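Heads up: the sequence shown is residues 1 to 594, going by UniProt numbering. Note that CB positions come from ideal geometry on N, CA and C, so glycine has one too. A quick note: this is a predicted structure, and the numbers were derived from the prediction, not measured. The structure appears below as structure tokens.
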Amino acid sequence: MCRIHGCFGGEPVAREILHAVARAQRHGGPDATTLHSGDGWALGNNRLAVQGVADGRQPYELGDLTCVFNGEIYNHRELRTELAALGYAFRGDCDGDVLLPLYERHGDAFVRRLEGMFAVAVVDRRAEPCLKLFTDHAGMKSLYYHLSADGRRLSFASELGALSRFPDFPGTVDPLTVDRYFGGRAVWGPDTVYTGVRTLPPGGVLRFDGTRPEVTQWQPEPPEPAECDGSAAELLDATLRHELGRMVRADVPVCVITSGGLDSSYLTALAADAVPETHSFTIAYRGDWPGDERHFAREVAAHCGTRHHEVELDPADFPDLVDRFVRHLDQPNNAPHGLSTFALFEAVHDAGFKVALTGDGADELFCGYARFVKAARDDGANWQRTYQDTMAAAGTATLARLFTPDYLRRIRAGGGHFADRNGDALDRRVRTGPHGKLETLLRHDQERRFPSYILRRVDHLSMAHAVEARIPFLQPSVTRLAHALPAAHKVVGETVKAPVAEAARRWIPRSVVDRPKQPFTLPVTAMIKPGEALYDLVGDTLLGPRTRCAAYVRRDTVRELFRMQTERPDAHTAGVLWSLLVLETWFATRNLHP
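Structural data, given as structure tokens:
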């Protein structure tokens, strides 16, 4: 696991600037920093040594090919054996060693052979020199890029904060960002918060030869129809156990995140079965708060025999924690549990772990959210608008009161609210696509919301503390299985995510499998109330004399929301206030005045 950066074409970039880019994302790769450059190009790497610790120095080179790599390739040993039989020699056991031999033999299609998570940059000088960038099928690892003012140089980096150190970085905030943020709870790609800066999509391939970038997307091999005569759970269990067996292999200690929910509890059990003395981590808050899951996490840990770590946060410390957490969000993201995620990975790092397994992805692949089912069963004329409101930090009716008249006019001139436009695009996809409505909802979420809202958060907040988050549910074999399963096997009656629940029954307590779904979150409704530190922070930040969001939001509406939350705490009001707090803090930590 690493952070990568580089540039290709145009005027050479001074080495001191390239070193500044590397320093800006060194927290994600503190073990080594390397830089290699040639005629009109440079590739850099900040390494987090996890696999092949003694031999994993980057960049990798093979003839006129040079590459840097961020991620993990879990099938690298099988690929190494295959390539060795073809005459390639390897000196160590680093997973990145297989990348250039595979690329030399298969060209851009080499990514189809990789099982893992990755962002790869290759400078190919064999004919007309060019830069190529690749991301994995799910978009687990981020890669941002922009063109210089003259269009001749393309620069890229794993984090926006690092990319901004390159010359000609277009640091102007896209004026529609705030609407996109509230409509999607994050800034969905491939556009970013900055005008002219983009992110490579899931399965992205970018080619740049110094003229204009060409971006395409590769797709994993299509799934074979699954044998679903009651064996979906068995197929899933066997697949996950195989993936866990590879993912717990590392040259450094591996732990597991255990929230007490179904998905993470199931993975905890599989990890504990594969590795004795598995360590598990969960988060909790000092005091008595609604939604406390620590007792479920304890029950799972005791059942599985893990060495359990309960990380307890003091809400009195949240003002400082919010500032540190938002500094590591490349783009605004309203998930309250992002704060918890940031603190949890910090505790994982402090305990001496570089790798943590997480349960992300199961809900999106196997239909774990009731909103999917409700929308699939809604045959109303405007079902898509109703559905999109459930995806938003604030619905369009709320935004009509929150946004300033000038900003609302700008949104209308830009084609309307992001939430409405996305909902209508989803409706067209349902009507014209090859899948049923429920499966289309799942695929749309996997491709659009999930990478930007969840995976970017997991990547940046874990790597803020030099921890690699491994995600078993997103491995290609699990994705293929999920895509092959008919929707009727994912939702059985009123049971969502049915294959996961059934597969987990033999591994974890029934009390965890059968309890109602509870999101892993921060109880902001209860925490934004008089007498609490978070309440004071919200008031001081949003009602201060020099708020940076004044060009977008009405001060009188914010004041009214704060009054409502003071007198009658409410989940919707608290959610809007939290979203505003993150947005205002994000602008402040970047010293931006939109």
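How should residue i be labelled, buried or exposed, when 16 other C-beta atoms within 10 angstroms of its C-beta is the threshold for buried?
i	result
residue 63	exposed
residue 258	buried
residue 517	exposed
residue 591	exposed
residue 224	exposed
residue 390	exposed
residue 511	exposed
residue 382	exposed
residue 584	buried
residue 290	exposed
residue 71	buried
residue 16	exposed
residue 377	exposed
residue 263	buried
Between which two residues does the alpha helix (DSSP H) holding residue i run?
i	result
residue 41	First-last for residue 41: 41 to 47, but that is the beta strand (DSSP E), not the alpha helix (DSSP H).
residue 391	383 to 391
residue 479	476 to 484
residue 504	498 to 504
residue 264	262 to 274
residue 422	418 to 432
residue 463	456 to 463
residue 16	15 to 24
residue 234	232 to 247
residue 180	177 to 184
residue 160	160 to 163
residue 371	370 to 377
residue 400	396 to 402
Compare the C-alpha of residue i against each of the options and name the closest.
i	options	result
residue 105	125, 145, 83, 97	83
residue 52	481, 91, 342, 443	91
residue 573	469, 523, 594	523
residue 6	328, 30, 567, 34	34
residue 326	205, 39, 341	341
residue 309	112, 280, 8	280
residue 96	111, 86, 183	111
residue 488	499, 478, 480, 479	499
residue 30	349, 197, 238	349
residue 75	444, 219, 247	247
residue 191	142, 373, 167	142
residue 200	156, 578, 470	156
residue 134	295, 116, 49, 362	116
residue 236	103, 484, 563, 550	484
residue 261	360, 345, 222	360
residue 418	385, 406, 129, 54	385
residue 346	333, 180, 311	311
residue 324	588, 12, 15	588
residue 416	178, 19, 39	178
residue 368	274, 561, 439, 217	439
residue 388	183, 241, 300, 526	183
residue 171	238, 150, 194, 530	194
residue 478	233, 406, 433	233
residue 196	185, 150, 181	150
residue 136	288, 435, 351, 206	206
residue 568	551, 529, 11, 538	529
residue 21	102, 163, 109, 140	163
residue 586	481, 334, 469, 557	334
Taking the continuous beta strand (DSSP E) assigned at residue i, which residues delimit it?
i	result
residue 528	Where residue 528 is concerned, there is no enclosing beta strand (DSSP E), given that its DSSP letter is neither H nor E.
residue 469	468 to 470
residue 214	214 to 217
residue 36	32 to 38
residue 195	Neither: residue 195 is in no beta strand (DSSP E) and is coded neither H nor E.
residue 5	2 to 8
residue 157	154 to 157
Quick one: measure Cβ to Cβ for residue i and residue j, integer angstroms, because I've assumed they're closer than 8 Å.
i	j	result
residue 271	residue 244	6 Å
residue 160	residue 145	Actually they are not in contact, since the Cβ atoms of residue 160 and residue 145 sit about 10 Å apart, beyond 8 Å.
residue 467	residue 356	6 Å
residue 336	residue 521	5 Å
residue 458	residue 354	In fact, because the Cβ distance is near 15 Å, the residues do not count as touching under 8 Å.
residue 187	residue 25	At roughly 19 Å, the Cβ-Cβ gap does not stay under 8 Å, so residue 187 and residue 25 are not in contact.
residue 269	residue 304	5 Å
residue 3	residue 28	4 Å
residue 549	residue 580	7 Å
Going along the chain, which unbroken runs of the beta strand (DSSP E) with 3 or more residues stay wholly within the stretch 332 to 360? 355 to 357
Run through the stretch 539 to 594 for me and flag every whole beta strand (DSSP E) of 3 or more residues, listed as ranges in chain order. Those beta strand (DSSP E) runs which fall completely within the stretch 539 to 594 and span 3+ residues do not exist here.
What runs of the alpha helix (DSSP H), each 4 residues or longer, lie entirely inside the stretch 279 to 323? If we require 4 residues or more, the alpha helix (DSSP H) runs fully inside the stretch 279 to 323 come out as 294 to 304.
Which whole runs of the beta strand (DSSP E) in the stretch 96 to 145 are 3 residues long or more, in chain order? 116 to 124, 130 to 135
If you scan the stretch 52 to 97 from start to end, which runs of the beta strand (DSSP E) of 3 or more residues do you find wholly inside it? 60 to 62, 65 to 73
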